[in-house]
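Q: If you're matching positions, the sequence shown starts at 1332 in this note's numbering and goes up one per residue. Yeah, the Cβ is synthetic: ideal placement off N, Cα and C, and Gly gets one too. Dumping the structure here so I can ask a few things about it.
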Amino acid sequence: MEHTFLYRASLFDEGKPLHVFLKEHHYSGKLISRLRRTPDGLQIAGKTVYTNHIMEAGEVLQVRVMEERDSSHILPVPMPLNILYEDTDLMVLNKPSNLPVHPSIGNYDNTLANGLVHYFACSGQPFTFRIINRLDRDTTGLVIIAKHSLSACILYDMAAKRMLHRTYLAVVTGHLSGSGTICAPIARTSDSVISRCVDFARGEQAVTHYEALEYQNGYTLVQVVLETGRTHQIRVHMQYIGHPIPGDFLYYPDYSVISRQALHSFGLEFPHPMTGQNLSFLAPLPSDMTSIFLS
């Protein structure tokens, strides 16, 4: 499968080498290298150009991106998908709990990837599974799927530059009030390949901003915004300040009010990777989290 994209050079692009022009449009070095190997991958006025070409104002560059791989190795499995948005470049879905995002040992046919491969197979579309913001198996909420390699490249770059604005909702134990910022480095625990802990000697910088929204029945609903994106960051930081998330099998395995970690990817805002249009999405709090606050 191939995708074709057109770019018109402006006066500000005059004199730029083509590889610089492409990088300014968020093409990664890896994708630029692939375009060099693609027949007619880069053309101006119907003629092939190379990445050392010097751009002139008014030139229209045609970029032909060929997909080098697909997800045909992933078993297609029918499942309900809560798709909030879809166009030719990306999808936004509301992921339920108890659903890993991609296949792994013990999770061969019960993942979001399996469901999406089936979804696209039904419409006869080739598909490569590219998830931009991975969520843990039992964390619910908003995820972005890139539908081709260029949108993936741009969205990954946006994520690295903190241009994907994500808001989480978590239920934590105890009465947490007000708002605050947790600055505590996170590292892998010495006796596990999975769990993490706060470790000021070995850890990587981790910053979490929180605001308490509601307290009832011994639990607080907290809105969380991440400044960094460490593995299990919210779960570890909430435990660190003495307000762990109930139902968390790693950090607080108390299942008296919920059967999975009470964490939800609630809000997502980012510019569209191709058009620049601002996109904004909200996913309502799941019923198993709202029920914690019912009398």
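According to DSSP, simplified to helix, strand and coil, what is I1623?
A: In the structure shown, I1623 sits in a helix (DSSP, three-state: H, G or I).
Q: With H, G and I counted as helix, E and B as strand and the rest as coil, what does DSSP make of N1548?
A: In this structure, N1548 counts as coil in the three-state DSSP scheme.
Q: I'd like to know whether the C-beta of N1383 is nearer than 7 Å to at least one C-beta of chain B.
A: Absence of chain B from the displayed structure is noted, only one protein chain being present.
Q: Among the residues of its own chain, which have a CB less than 6 Å from the CB of Y1338, if the five just before and after it don't count?
A: Once the five neighbours on either side are set aside, the close Cβ partners of Y1338 are L1392.
Q: Which runs of the alpha helix (DSSP H), 4 residues or longer, sit entirely within the segment 1520 to 1598?
A: 1564 to 1571, all fully within the segment 1520 to 1598.
Q: Could you give the residue range of the beta strand (DSSP E) that holds F1458?
A: First-last for F1458: undefined, no H or E at that position.
Q: Can you say whether I1414 is buried or exposed, counting buried as having 16 or more other CB atoms within 10 angstroms of its CB?
A: Classification of I1414: exposed, given that the 10 Å Cβ count is below 16.
Q: Could you work out which residue in E1535, D1420 and Q1536 is closest to I1462 when comparing CA atoms only?
A: When only C-alpha atoms are compared, the closest one is D1420.
Q: Kindly indicate which three-state DSSP category N1445 falls into: helix, strand or coil?
A: N1445: helix per DSSP, three-state reduction.
Q: Thinking C-beta only, is G1472 closer than 7 Å to S1596?
A: Their beta carbons are under 7 Å apart, which means S1596 touches G1472 by this criterion.
Q: Determine the direct distance from the alpha carbon of L1424 to that of L1500, and round the result to whole angstroms.
A: Looking at the two C-alpha atoms, the distance is approximately 17 Å.
Q: Since I1513 and I1572 should fall inside the 8 Å C-beta cutoff, what is the C-beta to C-beta distance between them, to a whole number of angstroms?
A: Indeed, because the Cβ distance is near 6 Å, the residues count as touching under 8 Å.
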